[in-house]
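Structure first, commentary second.
2 protein chains.
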Amino acid sequence: MSKRKIAVVESAPPVERDGRPPVEAIRAAAFAQFAERGYPVVTVRDIMKACGLTQGALYNHFKSKDELLHDIIASTQAELERVCQQAVAGAGNDPRARLAAFVRAYVVRHCRLRVEALVANREISWLDADRIGDIRRSRRAIREIVVGILSEGVEKGVFDPPQIDGKRDLKALAMALLDQWTHVSMWYAPGGRLSEEQMARLYAETALRAVGAKA
Amino acid sequence: MSKRKIAVVESAPPVERDGRPPVEAIRAAAFAQFAERGYPVVTVRDIMKACGLTQGALYNHFKSKDELLHDIIASTQAELERVCQQAVAGAGNDPRARLAAFVRAYVVRHCRLRVEALVANREISWLDADRIGDIRRSRRAIREIVVGILSEGVEKGVFDPPQIDGKRDLKALAMALLDQWTHVSMWYAPGGRLSEEQMARLYAETALRAVGAKA
DNA sequence: ACCCCACCTGAACGACTGTTCACTTTGCCG
DNA sequence: CGGCAAAGTGAACAGTCGTTCAGGTGGGGT
Chain C
606 MSKRKIAVVE
616 SAPPVERDGR
626 PPVEAIRAAA
636 FAQFAERGYP
646 VVTVRDIMKA
656 CGLTQGALYN
666 HFKSKDELLH
676 DIIASTQAEL
686 ERVCQQAVAG
696 AGNDPRARLA
706 AFVRAYVVRH
716 CRLRVEALVA
726 NREISWLDAD
736 RIGDIRRSRR
746 AIREIVVGIL
756 SEGVEKGVFD
766 PPQIDGKRDL
776 KALAMALLDQ
786 WTHVSMWYAP
796 GGRLSEEQMA
806 RLYAETALRA
816 VGAKA
Chain R
606 MSKRKIAVVE
616 SAPPVERDGR
626 PPVEAIRAAA
636 FAQFAERGYP
646 VVTVRDIMKA
656 CGLTQGALYN
666 HFKSKDELLH
676 DIIASTQAEL
686 ERVCQQAVAG
696 AGNDPRARLA
706 AFVRAYVVRH
716 CRLRVEALVA
726 NREISWLDAD
736 RIGDIRRSRR
746 AIREIVVGIL
756 SEGVEKGVFD
766 PPQIDGKRDL
776 KALAMALLDQ
786 WTHVSMWYAP
796 GGRLSEEQMA
806 RLYAETALRA
816 VGAKA
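Residue numbers (my numbering), protein chains in the order written: chain C, 606 to 820; chain R, 606 to 820.
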């Protein structure tokens, strides 16, 4: 009698953790909270409460709060790199088409997964130096794709980027453009005046003009 | 005898607080620390130690850590707004010249005062809602200057910005451009390959192309 | 029936936080 | 000199933080 389970009291509380395994629920909750309030002010207790667990349960799935952040950033970043590579790979040989395809993929992804992108771009600095390395490397790789497209376009004579004192700085230009595309995730709002699609076209068009693409 | 002052022990420690009044020293230290490590992880003790004082002394000059942040952000933002207004005011009537002058002023300032710009742009979110209002207003005002230049240029027929589905969204375009100019402060490094001057020209040229300025 | 093991709980730990305050020091006034 | 206000000190306070850990819980294999 004493051990009888009272069904009503079992009380799965009205929290988020649907059918997903707890690791995924924690990841999702962490993304949302980090994006909204920033890594250092989000407590382990906050994250775990958001998925209906208590503080201690985190450490069954992650070694530390630091490792949790690295885990979600690294997976996002790896996926982004993959998407970028795939976009240019399937875009033929014309640098103009390759650039447009890259911008489209990059911008659409930053609109659709804005929460993840926000965290991955804004919260890296909290990781300790050794965990930061591979993410920096991935970012560099993505920038190199852009620089590659630009210099290819210059060689083939279809791009004519701005010259400063007679010299072109394609790396600086690539940085300026990537900044622009990345920070879409900071102000794009789904349901706003522009759709993902339209954002992608706006940025692609702007980029082609900036690099002096010839008709 | 017992009260005799021992000159050698008086020991002004080798800290930063030069001749400046302490309020200014605190502001400067706060800027540097917030820029490097972010508001929430910088402690009051950190800031005060950086200018050779102890925790408690902060509260002789500021009501709280929050007020200190608001103080330094608000003054930076007000100064920026002034610089922008002045730049376009002295640039004649041609929208192309006005846009170029704006970009130059904005980018040069974000290179030269990168630390201040970084803090002002990255750390606002820590302020409570009522302190945030006036800063948001100032940002909007700056954006309106850009939108004004763009629509003026379209009216006069000297700009031809990208159209998405037959419509121009000048506000979105202004936002995209401002993002780009603002985030200069996140990667510009004095002594790097490009000078402030060259950065300004690169961004001005890129912007004129993006809005479709006619020769 | 049993135990096992993965999972979770929640109190406890030590470290650190922003802020306060009684007290001392400093520089300037007459 | 005396005195006064402005400014600085550092211990103390009440919280909160990330992390640990002894114990509880429940479902599956045998």
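A virtual CB, placed ideally from N, CA and C, is assigned to each residue, including glycine.
I677(C) and A818(R) have their C-alpha atoms some 43 Å from each other.
Counting along the chain, F707(C) sits inside the alpha helix (DSSP H) bounded by residues 700-717. With respect to chain C, the C-beta atom of H715(R) has no partner C-beta closer than 9 Å. Between A781(R) and T811(C) the beta-carbon gap is near 7 Å, inside 8 Å, which marks them as a contact. Beta-bridge annotation (DSSP): I769(C) is paired with K772(C). Within a 10 Å sphere around the beta-carbon of W731(R) sit 16 or more other beta-carbons, which makes this residue buried. Linking G758(R) to L813(R) through their CA atoms gives a straight-line distance of about 11 Å.
Residues of the region 662-686 of chain C whose Cβ lies closer than 7 Å to any Cβ of chain R: none. For T681(R), the enclosing alpha helix (DSSP H) begins and ends at 670-694. With its beta carbon less than 9 Å from one in chain R, P767(C) belongs to the interface.
Straight through space, the alpha carbons of R714(C) and D770(R) are spaced by roughly 21 Å. When the Cα atoms are used, L663(C) and R736(C) turn out to be separated by approximately 20 Å. Closer than 9 Å to the CB of E721(C) there is not a single CB belonging to chain R. Assigned with DSSP and collapsed to three states, A640(C) falls in helix. The beta carbon of A635(R) sits no closer than 9 Å to any beta carbon of chain C. R736(C) carries a helical assignment under DSSP once its states are collapsed to helix, strand and coil. Contact annotation: E721(C) and A630(C) have beta-carbon atoms that are not nearer than 9 Å. For A777(C), the nearest CB of chain R lies under 9 Å from its own CB, placing it at the interface with that chain.
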